[in-house]
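Before any comments, here is the structure.
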Amino acid sequence: MHKSLRLRNRADFSRVYRHGKSFANYQFVVYWFRKKEVEKFRVGISVSKKVGNAVVRNRMRRLVKEIMRNHEDKLIEHVDLVFIVRKGAVEMSYKDLEKSVLHVLRKASLLKPPGR
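The opening position of the sequence shown corresponds to residue 6 in the numbering used here, with each subsequent residue numbered one higher.
Below, the structure written as structure tokens:
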């Protein structure tokens, strides 16, 4: 995932948490906030220490970034997203994680309609 598509500073995360909407399933919570200045979308990923040690947390971040990179053409534009990874996601395979991410994005209406 390109650096310009990442949320990096605390103020951006805080704005999404405070003013955004959230949707969740057992593995992920996604907060999102519309922002017209963003040309595509930006993604931030948060993994708590409760999920695992640094190796596990970084692996989860890398997997979610890769899933987002593979499906970036399906996401709506002009939006900031923050993913929070829950404990249930650690034991899942890549395919199951991918299904779960797409499920929570679909639930939040953040995917483009099919056929576009």
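Where is the CB? At the ideal position from N, CA and C, for every residue including glycine.
Treat the numbers as computed from the prediction; the structure is a model and nothing was measured.
Proximity below 8 Å, CB of residue i to CB of residue j
| i | j | result |
| --- | --- | --- |
| V90 | F38 | no |
| F46 | V35 | no |
| L80 | L102 | no |
Contact belief for residue i with residue j at Cβ below 8 Å, rounded distance in angstroms
| i | j | result |
| --- | --- | --- |
| V199 | L86 | As shown, the chain starts at 6 and ends at 121. That puts residue 199 outside it, with no answer to give. |
| A94 | S105 | 7 Å |
Distance between residue j and residue i (C-alpha atoms, nearest Å)
| i | j | result |
| --- | --- | --- |
| D78 | A59 | 30 Å |
| V84 | K55 | 28 Å |
| A16 | Y99 | 31 Å |
| M73 | R11 | 11 Å |
| F8 | V109 | Looking at the sequence itself, residue 8 is Lys, so the reference to Phe does not match. Going from the Cα of K8 to the Cα of V109 covers about 23 Å. |
| E42 | E82 | 10 Å |
| G25 | S51 | 16 Å |
| R195 | P119 | Nothing about residue 195 can be read from this structure; the chain reaches only from 6 to 121. |
| R111 | V61 | 26 Å |
| S53 | F88 | 11 Å |
| N63 | G57 | 10 Å |
> Can we say the stretch 13 to 24 touches the stretch 65 to 80, given the rule of at least three CB pairs closer than 8 Å?
Replying inline: no
>> For a minimum of 4 consecutive residues, which ranges assigned as the alpha helix (DSSP H) are wholly contained in the stretch 37 to 121?
In response: 59 to 75, 99 to 112
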